[in-house]
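Notes to accompany the following structure.
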Amino acid sequence: DNLLKLDILGHDDPTMIRQLMNYVEKEPEKFPFRTVEEIPLSDPEVLAIFSGVSSLGVDAAQIHEVVGTTGIPEFGTTLSKDMLREIRPKSVNELIKISGLSHGTDVWNGNARDYMLGLKKGVGPIPFEDLIGCRDDIMVYLIEKGLPAADAFKIMESVRKGRGVNPEQEKLMLEHGVPNW
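Okay, so the sequence shown: first residue is 55 according to the numbering used here, each after it adds one.
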């Protein structure tokens with residue numbers, strides 16, 4: 055009597071990039087890059103599919119969608135498409151934040167979305183770029199506010215573990231102008 059559990063994660067993205075690069079090597083004249091490192095991360099036409107469909111050469115009525123992400127991993131779900139419609143991302147950084155906010159129970163709906171729209175009592179709308187999308191955002195934000203890196207790390211870890219912040223950490227954040235939301 056044995057129970058074997060395998061957690062096997064796919065490596066689809068690296069495989070797709072390898073296949074793309076094989077194609078680039080066969081038909082280099084069709085691409086503005088020669089290596090993986092040269093693949094542009096801010097191509098306006100690629101970014102445009104995350105906020106509309108016109109760059110695909112169709113209109114919303116033709117494909118019954120207002121964003122062009124059907125079939126794109128992580129961005130083809132109903133939740134992700136709803137987020138894209140509301141946020142209208144314009145950068146890879148915003149896409150990464152959307153990916154972080156689209157995972158987990160009540161991370162977006164009833165939480166970050168409400169802060170962005172100003173639906174939380176006593177808190178005005180918070181711009182999307184100021185929302186915390188992942189734990190690393192906490193530490194980076196606190197360091198940008200002037201907190202020592204060691205304190206920012208401890209606060210990030212405490213929040214990550216669900217402990218929140220202690221009174222001393224809260225005082226330190228308020229002293230550095232961190233909003234109380």
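Even for Gly, the Cβ is constructed at its ideal location relative to N, Cα and C. The model shown is predicted, which means the values in this text are computed figures rather than measured ones.
Closest Cα partner of residue i within the set the options
i: H157; options: R189, V90 and H230; result: R189
i: P181; options: I117, L57, D168 and L74; result: D168
i: A102; options: R142, E198 and R214; result: R142
i: V232; options: I192, G172, V213 and R214; result: I192
i: L155; options: V146, S145, A166 and Q223; result: A166
i: M137; options: E183, I152, L173 and L110; result: I152
i: E91; options: P82, M75, S105 and F104; result: M75
Assigned exposure category for residue i - 16 Cβ within 10 Å defines buried
i: L185; result: buried
i: I126; result: exposed
i: T132; result: exposed
i: L149; result: buried
i: V177; result: exposed
i: A204; result: exposed
i: T69; result: exposed
Rounded Cβ spacing between residue i and residue j (contact assumed at less than 8 angstroms)
i: D113; j: V107; result: 7 angstroms
Separation of residue j from residue i, as counted between CA atoms
i: F207; j: K225; result: 16 angstroms
i: R214; j: T159; result: 15 angstroms
i: G187; j: N147; result: 10 angstroms
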